[in-house]
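A short write-up of the structure that comes next.
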Amino acid sequence: MCVNKEKFNFNKKTILITGGAGFIGSNLAFYIQNKFPQAKIVIFDCFRSEEKFSNGNLKSFGHYNNLIGFNGEVICGNINNRNDLKILDNYHFDVIFHQAAISDTRVYDQEEVIKTNLNSFYFFLEKTIQDNAKLIYASSAATYGSAKSPQSIGDEYPENPYGYSKYAMDNLAREYVSKNKNISIFGLRYFNVYGPNEFYKDKTASTVIQFGHQILGGKNPKLFHNSDKIFRDFIYIDDVINANILACSSSRSGVYNVGTSTPRSFLDIVNILQGLLGTSLDVDYIPNPYSGYQNYTCADISDSVKFLNFTPKFSLEEGIKSYIPEIKKIFLEFS
Ligand SMILES: NC(=O)c1ccc[n+]([C@@H]2O[C@H](COP(=O)([O-])OP(=O)(O)OC[C@H]3O[C@@H](n4cnc5c(N)ncnc54)[C@H](O)[C@@H]3O)[C@@H](O)[C@H]2O)c1
Numbered sequence: 000m001c002v003n004k005e006k007f008n009f010n011k012k013t014i015l016i017t018g019g020a021g022f023i024g025s026n027l028a029f030y031i032q033n034k035f036p037q038a039k040i041v042i043f044d045c046f047r048s049e050e051k052f053s054n055g056n057l058k059s060f061g062h063y064n065n066l067i068g069f070n071g072e073v074i075c076g077n078i079n080n081r082n083d084l085k086i087l088d089n090y091h092f093d094v095i096f097h098q099a100a101i102s103d104t105r106v107y108d109q110e111e112v113i114k115t116n117l118n119s120f121y122f123f124l125e126k127t128i129q130d131n132a133k134l135i136y137a138s139s140a141a142t143y144g145s146a147k148s149p150q151s152i153g154d155e156y157p158e159n160p161y162g163y164s165k166y167a168m169d170n171l172a173r174e175y176v177s178k179n180k181n182i183s184i185f186g187l188r189y190f191n192v193y194g195p196n197e198f199y200k201d202k203t204a205s206t207v208i209q210f211g212h213q214i215l216g217g218k219n220p221k222l223f224h225n226s227d228k229i230f231r232d233f234i235y236i237d238d239v240i241n242a243n244i245l246a247c248s249s250s251r252s253g254v255y256n257v258g259t260s261t262p263r264s265f266l267d268i269v270n271i272l273q274g275l276l277g278t279s280l281d282v283d284y285i286p287n288p289y290s291g292y293q294n295y296t297c298a299d300i301s302d303s304v305k306f307l308n309f310t311p312k313f314s315l316e317e318g319i320k321s322y323i324p325e326i327k328k329i330f331l332e333f334s
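Counting from 0, one number per residue, gives the positions in the sequence shown under numbering that gives the first Met the number 0.
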């Protein structure tokens, strides 16, 4: 029996969320805070500075606005800096959710991406052993590159430094599990996640909010040529949070896909948004400037269903519908 049917009880537990000022980490923090008021939650995040990568994007996207209403502890620190990490020695964690990373898939400085995402992982693996904690960390569908669909664990072809860094994290996690039989380590390969709190990811936020804001601004949504034939496995944030929570109740360490298994096209997103927003704007097709572009992703979630008890609840229609009020609110606030 790998899955305990009872949900993990976070009350009276000490939880670390790295990357907690970002999209997925902040959602996780609020979920646990709301459902388990006696949990002690510690966020570790470097937030954002004004530094940028050569692609023009910020070096990190954490934003305090994602944490308004969060009443746990917040530590501003960099996972690359051992001095910053030392403060975590003062805590004994029951669960570590490791989300902090260079999340921008289009950063090509190999040294910086691999150092940040992979080297820092050693610290959290060692801390997991030291505290006898559970470690749930963010891997990615980028590990698959353009591997054949459905993408399954064991068939990876990362096509950029980001995808490689997550692939190397998964290999390292497996090595730790094989050497330390009693530890619980779960790598969750998220597919394309969308939902509230992603706005501060700027241009790297999902196309759901980007198209939503183009439409609300009365502009024709801009799609790449052939977007009716580019399919991705888009997953709503609530399902991703659920996968993280469920992993805490499983006793089968491993790497798991977190997607819906129902790929949809970028044109579908625009059509759903237009339906919900009551518009019928034309679509502008533009050339796709990116090489190494994933044209078809579909998560094989058979292991996640079996060993995590994970079943996605939100179709693309349901996810976008639930997200619309936030898309409108942000639009009004920033336009
Ligand atoms: N959103 C997706 O579709 C998706 C898909 C696959 C994997 N992931 C992974 O999930 C995790 C969370 O992603 P997200 O979408 O919430 O992105 P995000 O950029 O909003 O969150 C990452 C957080 O990590 C922090 N961070 C970055 N570098 C840091 C450093 N050196 N030290 C401390 N903190 C640092 C950022 O400030 C940010 O708050 C990441 O590991 C990402 O690679 C996300």
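Even for Gly, the Cβ is constructed at its ideal location relative to N, Cα and C. Remember, predicted model here, so these are calculated numbers, not experimental data.
Worksheet item: By Cβ distance below 7 Å, which residues in the same chain neighbour residue 169 in space, the five residues on each side in sequence not counted?
Response: 138, 142, 186 and 254
Fill in: residue 102 and residue 43 closer than 9 Å at C-beta
no
Discussion item. What does the alpha-carbon distance come out to for the pair residue 313 and residue 234?
Written reply: 8 Å
Fill in: Contact set for residue 339: own chain, Cβ-Cβ below 7 Å, skip 5 residues either direction
Outside the shown range of the chain (0 to 334) lies residue 339, about which nothing can therefore be said.
Worksheet item: How should residue 36 be labelled, buried or exposed, when 16 other C-beta atoms within 10 angstroms of its C-beta is the threshold for buried?
Response: exposed
Worksheet item: How big is the Cα-Cα spacing for residue 20 and residue 69?
Response: 10 Å
Discussion item. Could you check whether the Cβ of residue 191 sits closer than 8 Å to any heavy atom belonging to ligand 1?
Written reply: yes
Item to complete: Compute the Euclidean distance between the alpha carbons of residue 304 and residue 243, then round it to the nearest angstrom.
Response: 13 Å
Item to complete: Could you say if the segment 117 to 129 and the segment 155 to 172 meet the contact criterion of at least three C-beta pairs nearer than 8 Å?
Response: yes
Discussion item. Can you list, in chain order, the residues of its chain with a C-beta nearer than 6 Å to that of residue 72? Leave out the 5 residues immediately preceding and following it.
Written reply: 41
Discussion item. Does the distance between the C-beta of residue 105 and the nearest non-hydrogen atom of ligand 1 fall short of 8 Å?
Written reply: no
Worksheet item: On the three-state DSSP scale, how would you describe residue 72?
Response: strand
Worksheet item: On the premise that residue 212 lies in contact with residue 287, defined as a C-beta separation below 8 Å, what is that separation, rounded to the nearest angstrom?
Response: Not quite, the Cβ-Cβ distance comes to about 20 Å (not below 8 Å), so this is no contact.
Worksheet item: Taking 8 Å as the cut-off, does the CB of residue 8 come closer than this to any heavy atom belonging to ligand 1?
Response: no
Discussion item. Just verifying my parser: in three-state terms, what is the DSSP assignment at residue 298?
Written reply: strand
Fill in: Exposed unless 16 or more other CB atoms sit within 10 angstroms - verdict on residue 195
buried
Worksheet item: Can residue 322 be considered in contact with ligand 2, in the sense that its beta carbon sits closer than 8 Å to one or more heavy atoms?
Response: You won't find ligand 2 in this model; what it holds is ligand 1.
Item to complete: Name the residue from 77, 94 and 93 whose alpha carbon lies nearest to the alpha carbon of residue 86.
Response: 77
Item to complete: Starting from the Cα of residue 201, find the closest Cα among 55, 248 and 164 and give me that residue.
Response: 55
Discussion item. When you compare the segment 45 to 60 with the segment 125 to 134, are there three or more beta-carbon pairs, one atom per stretch, that lie closer than 8 Å?
Written reply: no
Worksheet item: Taking the alpha-carbon positions, what's the residue 172 to residue 136 distance?
Response: 10 Å
Fill in: Outcome for residue 12 when other beta-carbon atoms lying within 10 angstroms are tallied against a minimum of 16
buried
Worksheet item: Do residue 342 and residue 280 have their C-beta atoms within less than 9 Å of each other?
Response: Because residue 342 is not part of the residues shown, which for the chain are 0 to 334, the question remains open.
Worksheet item: At which residue ranges does the segment 65 to 129 contain complete beta strand (DSSP E) runs of 3 or more residues, listed in the order of the chain?
Response: 72 to 75 and 94 to 97
Item to complete: With DSSP collapsed to three states, give me the class of residue 310.
Response: coil
Worksheet entry | Proximity to residue 260 [Cα-Cα], best of 203, 189 and 237 | 189
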